[in-house]
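Number of protein chains: 2
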Amino acid sequence: MPKAQRKAQMLDVAERVFAERGYLAASMDEIAERVGVSKPMLYEYYGSKEGLLIGCIHRARTDLLERTQRAIAGATGAEDVLRLGLLAFFRFIAEHNQSWSLLRQEAAVTVPSAVEEIEGIRRQQTDLIAAVITGFDRDVDAIEAEAFAEIVVGSTERLALWCERRPEVGPELATDYVMEVVWRGVAGRLGG
Amino acid sequence: MPKAQRKAQMLDVAERVFAERGYLAASMDEIAERVGVSKPMLYEYYGSKEGLLIGCIHRARTDLLERTQRAIAGATGAEDVLRLGLLAFFRFIAEHNQSWSLLRQEAAVTVPSAVEEIEGIRRQQTDLIAAVITGFDRDVDAIEAEAFAEIVVGSTERLALWCERRPEVGPELATDYVMEVVWRGVAGRLGG
DNA sequence: CCAGTAGGTTACTCGAAGTAAGTTACTTGC
DNA sequence: GCAAGTAACTTACTTCGAGTAACCTACTGG
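Sequences listed follow chains H and X, in order. Heads up: the first sequence at position 107 corresponds to 107 in my numbering, and the numbers run straight through without jumps. Heads up: the second sequence at position 67 corresponds to 1067 in my numbering, and the numbers run straight through without jumps.
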């Protein structure tokens, strides 16, 4: 099997095993066995257990960014950007809860570098949102825009977790909830 | 040394070591050595590495709940409860960043049961907030109140993390940011 | 048909979680 | 004042899983 294909297959299996067992309890031996390959191959391609985890996270990150950007491409204004972006996020995690469980703490992410990687994903989200807010009102304080962006990301992530306990709340309703609270708050603050 | 005192001392050391190294990299041997005791004592009192972590989290949880309840005891209304509660939280983490790092993902919490324990802390917060919201407006949908509570907790936690990168933003300003966005959003929604 | 290399394996080391079997010293009943 | 019990503690292991060294096999190009 060619290298690229094998690497992708390893990520598929690793993502599933990490999600099933949690990072710590997942063993490289099991991943190797389920890939149908011997352990040193994993080390050949990903260097370490941590490296394999980073690989999984990185792929999820790329995927999420790509989807979000596509979703907000045709937005008609700041509010619309925020709404479409939120919806894209909630849909991403609804469809990909395998990768999503790598991004929330329940996957039991362990290693500092992995946390940095995940923080990078959030940073990419907050940067986007801060830019939207600043675009909406150029007079807003930069640090305040940052704070608002963090609030949006925090709300969203938390609500996504909550949605798992509330299957009746789908991506659309979740988006509505966040928009109702946060947009009203941001717009009220900035507009007034 | 009496058992209770030794147990408390173990939590102190463990909290510090977990925060310094992360859960995975922290070794029971090191914790035992820094306590000035042999490893089986840790196992005698906490059963496992995971049990020791749970002990740390549990103590932080108890402490946080106690402080929050004291803080909101003299509140004059729903908005005041929310504000005082937020302030208590931000102050707690400003003072106790040792325990706080156990509650955020950077401590690299690993084990499913630990995550459950941490989720329990959040649940205790969301329950409190949902009750406040319901108290503010009895006509509000129960599930919507839950969603709002999750939004508040998510915002708050995220903003707390952000504050670490922004030392100039103290507990008071952080509270203002959350209140400005979220309360305006909640009050707007419920009042209108 | 030989050389080089991509893709792979077996069989180890080593570090850290967890444990079995004891030891010391202090209290308590007689 | 001393035997008995027990609370606090230790040494010396086992086990399991991450990571590695060294070796193998088959295909491709000259």
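We treat Cβ as the ideally placed atom computed from N, Cα and C, and that holds for glycine. Predicted, not measured: the structure shown is a model, and the values here were computed from it.
| task | Ignore the nearest five residues each way along the sequence and tell me which others in H:Met10's own chain have a CB closer than 6 Å to its CB. | result | Val35
| message | Between the alpha carbons of H:Asp141 and X:Trp1183, how many angstroms are there, rounded? | response | 20 Å
| message | What would DSSP say about H:Glu33, mapped onto helix, strand or coil? | response | Taken through DSSP and simplified to helix, strand or coil, H:Glu33 comes out as helix.
| said: Any beta carbon of chain H sitting closer than 7 Å to that of X:Val1181? | reply: yes
| message | Measuring straight from C-alpha to C-alpha, what distance separates X:Thr992 and X:Leu1086? | response | With chain X represented from 1001 up to 1192, any question about residue 992 of chain X goes unanswered, as that position is not in the structure.
| With 16 other Cβ atoms within 10 Å as the buried cut-off, status of X:Ser1155 | buried
| message | Against chain X, with Cβ distances strictly below 7 Å, would H:Ser155 count as a contact? | response | yes
| Does the segment 1161-1178 of chain X touch the segment 1086-1095 of chain X, meaning 3 or more C-beta pairs lie closer than 8 Å? | yes
| query | What is the rounded straight-line gap between the Cα of X:Lys1007 and the Cα of X:Pro1040? | reply | When rounded, the distance between both Cα atoms is 13 Å.
| query | Under the rule that 16 or more other beta-carbon atoms within 10 Å means buried, what is X:Lys1049, buried or exposed? | reply | buried
| field | Under the three-state DSSP convention, the category X:Val1152 falls into | value | helix
| How is H:Gly85 classed by DSSP in three states: helix, strand or coil? | helix
| task | Check each candidate in H:Ser38, H:Leu53 and H:Glu44 and name the one with the smallest Cα separation from H:Leu24. | result | H:Leu53
| field | CB of X:Ile1072 within 7 Å of CB of X:Leu1064, strictly | value | no
| task | Find the residues of chain X that neighbour H:Arg123, judging by a C-beta separation of less than 8 Å, and give them in chain order. | result | The contacting residues do not exist; H:Arg123 stays about 10 Å from chain X at best.
| query | Mind listing which residues of the segment 1024-1037 of chain X have their C-beta closer than 7 Å to chain H's C-betas, in chain order? | reply | Leu1024
| message | Please report the distance separating the alpha-carbon of H:Glu180 from that of H:Met28. | response | 45 Å
| Exposed or buried, what is X:Gly1022 when buried is set at 16 or more other beta-carbons lying within 10 Å of its beta-carbon? | X:Gly1022 counts as buried, since at least 16 other C-beta atoms from the protein chains shown sit within 10 angstroms of its C-beta.
| For the candidate residues X:Ala1032, X:Arg1059, X:Ile1143 and X:Gln1124, whose alpha-carbon lies nearest to that of H:Arg165? | X:Ile1143
| query | Out of H:Thr76, H:Val37 and H:Ala26, which has the shortest C-alpha to C-alpha gap to H:Met1? | reply | H:Val37
| Chain-ordered chain X contacts of H:Val207 [CB-CB under 7 Å] | Shown here, chain H extends from 1 to 192; a query on residue 207 of chain H therefore has no answer.
| message | Can you pull the chain H neighbours of X:Tyr1177, defined as C-beta to C-beta under 8 Å? | response | Glu144, Ala147, Phe148 and Ile151
| query | In whole angstroms, what separates the C-alpha of X:Gly1051 from that of X:Leu1042? | reply | 10 Å
| Short CB-CB distance (under 7 Å) between X:Arg1006 and chain H | no
| said: Once DSSP output is grouped into helix, strand and coil, what is the label at H:Met1? | reply: Looking at H:Met1 - three-state DSSP - the assignment turns out to be coil, as it is neither helix nor strand.
| query | So, does the CB of H:Arg83 fall closer than 7 Å to a CB anywhere in chain X? | reply | no
| query | Residues of chain X with CB under 9 Å from H:Leu52, in chain order? | reply | Here the premise fails: no neighbours, minimum Cβ distance about 15 Å.
| task | Return helix, strand or coil for H:Asp141, following the three-state DSSP convention. | result | coil
| How is H:Pro40 classed by DSSP in three states: helix, strand or coil? | helix
| query | Do X:Gln1125 and X:Val1153 have their C-beta atoms closer together than 7 Å? | reply | The criterion of a C-beta distance shorter than 7 Å is satisfied by X:Gln1125 and X:Val1153.
| request: Take the Cβ of X:Gly1047 as the centre, count every other Cβ of all protein chains shown within 10 Å, and call the residue buried at 16 or more, exposed below. | output: exposed
| query | In chain X, which residues lie less than 8 Å from H:Leu159 when you measure between Cβ atoms? | reply | Ala1147, Glu1150, Ile1151 and Gly1154
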